[in-house]
Amino acid sequence: MTKNIDFILKKFIIMPMLESTIAIFIPGYYGTTLQDVKSGRLIWGDTKEVLFGRKTLALPIEGLPIPEALSLKPFSMINDKKILGGLIREDAYDKSISLLNSLGVEKVFPLPWDWRRDPYLGIKALDELVDNCKKNYPRSKLVVVSHSFGSLIASYYLRYGAMDFSEAITHGESWKGLKNIDKFILSACPFRGLMAMFRNMHYGIKFGLNHKMQTALAFSTWESSYYLLPPTGMDLVQNEKGTLESLKLHDPNEWQKNKFGLFHESSKLKKESESNNEVRFKFVEHHLGRARKLHTLIESPIKTRPEQLKPILYLSGGGQKTVHHGLWLKKPNVFLYYPQHFKKWKVKLHPSIVFGEGDATVPDFSLKLPSFLKKLNTIEISRQDSHLNVLQSDESQQIISKFLLS
95 MTKNIDFILK KFIIMPMLES TIAIFIPGYY GTTLQDVKSG RLIWGDTKEV
145 LFGRKTLALP IEGLPIPEAL SLKPFSMIND KKILGGLIRE DAYDKSISLL
195 NSLGVEKVFP LPWDWRRDPY LGIKALDELV DNCKKNYPRS KLVVVSHSFG
245 SLIASYYLRY GAMDFSEAIT HGESWKGLKN IDKFILSACP FRGLMAMFRN
295 MHYGIKFGLN HKMQTALAFS TWESSYYLLP PTGMDLVQNE KGTLESLKLH
345 DPNEWQKNKF GLFHESSKLK KESESNNEVR FKFVEHHLGR ARKLHTLIES
395 PIKTRPEQLK PILYLSGGGQ KTVHHGLWLK KPNVFLYYPQ HFKKWKVKLH
445 PSIVFGEGDA TVPDFSLKLP SFLKKLNTIE ISRQDSHLNV LQSDESQQII
495 SKFLLS
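According to the numbering used here, the sequence shown is numbered sequentially starting from 95.
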């Protein structure tokens, strides 16, 4: 970075901001701990539980028996973790919170929200927190710093406030977020979802020795999984010839017909009555329908311009190998994403066809700013960096400092 930025940092690192400022920090996917409502124990966020435990993060679904599903609630923001005396380190958001404190932010309010749920619940939680901040700190400037899925929450709130998706489609922008917040920082936002989410609904993810926490079934019960799928036309997969085609993931009939997600044998749900199958279908149908509305609202051009513009900073990464499109073998109905899959099924295509550009988590097509943000007072900075480093690297921290101090 320039000497000018270094000078600003040295000058202000020991001095508070000139004006009283408070901040809301919105963590992304995985960024909030989850607590068992009954026992009070941390399930997601406890290192031993995540690596060696036997609990599942699957969401209960009314009318559909989900084995061992617990009632969990968001508790607090995930902190950096040191495992085995520091031999293994999992970074979270401590560095960003420390930066805000060092710049003289009077108070930082992390937003705990359940990243497994319908994102509208996160939007409502943000709205309540903003209202409380405005009430309790009426003379302070308010900034929002967000990452990943949290930036999708912030982007929606900026434009539509706490209106439900159906209401926002009918009434258009309220710009409540833009009115109430003085500066926004968005980073690594999956505006158009990611096909890695569909992969996880088939294979799940293993952490350490824990094979139960994030199974294919768990991902399929998470409401957010359906909102983080790419919109219609971008939900692409490769066939055996290497040609891209849409999976039509926003049609629930395709899920039932092709045995995706909750309908797939990997979900390990027992054979059920017709009524339970109907519950399964309605669950998928409901959330896919709401996801389509969310995509429409994010991508639609501005109808009513805001009365006042506020500074917005968007940081995105790139240049990293990122999952784009799996390979679908239709006859056995399997999806190939990992090298061992290609070897097992003796596919001639190279496993690298699964990947494209991105920040190692979110693909490049999803990271691009929607048109409405381009029309606002948005500074966009894209660097060759990975998903968390986009927010946490020294270079990014300098950019954030300059933006907040300007």
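We treat Cβ as the ideally placed atom computed from N, Cα and C, and that holds for glycine.
Quantities reported herein were computed from a predicted structural model and do not represent experimental measurements.
- prompt: Roughly how many angstroms lie between the CA atoms of A262 and A117, to the nearest whole one?
  reply: 26 Å
query: If you draw a straight line from the C-alpha of L322 to the C-alpha of K442, how long is it?
result: 30 Å
task: With DSSP as the reference, please indicate the residues paired to E474 in a beta bridge.
output: Y408, per the DSSP bridge assignment.
field: Straight-line Cα distance separating W422 from N333
entry: C-alpha separation (whole angstroms): 5 Å.
message: Can you look up P213 in the DSSP assignment and give me helix, strand or coil?
response: helix
field: I299: first and last residue of the uninterrupted beta strand (DSSP E) it sits in
entry: Looking at the DSSP string, the run of the beta strand (DSSP E) that includes I299 is I299 to F301.
message: So for I182, helix, strand or coil by DSSP?
response: Bear in mind that a pLDDT of 44 at I182, under 50, signals an unreliable position, so the number given afterwards is only what the model happens to contain. In the structure shown, I182 sits in a strand (DSSP, three-state: E or B).
task: Measure the CB-CB distance between L123 and S281 and report whether it falls below 8 Å.
output: Rather than Leu, the amino acid found at residue 123 in this sequence is Tyr. Pairing Y123 with S281 gives a Cβ-Cβ distance that is not under 8 Å.
query: Quick one: Cα of R509 to Cα of S410, how far?
result: For the chain, the structure presents residues 95 to 500; residue 509 sits outside this window and is missing.
- request: Let me know the secondary structure DSSP gives K387 once reduced to three states.
  value: helix
Sub-8 Å separation of V238 and I172 beta-carbons: No; because the gap between Cβ atoms is not below 8 Å, this pair is not in contact.
query: Less than 8 Å separating the beta-carbons of I275 and I120?
result: no
Beta-carbon proximity list for S268, same chain, < 7 Å, skipping 5 on both sides: Y254, G255 and M257
query: CA-CA distance, L505 and D479?
result: In the structure as shown, the chain starts at 95 and stops at 500, and residue 505 therefore has no counterpart that could be examined.
query: Is it right to say I473 is buried, meaning 16 or more other beta carbons lie within 10 angstroms of its own, or is it exposed?
result: exposed
message: Checking the sheet assignment: what are the DSSP bridge partners for D130?
response: For D130, which the question treats as bridged, DSSP gives the partners L166.
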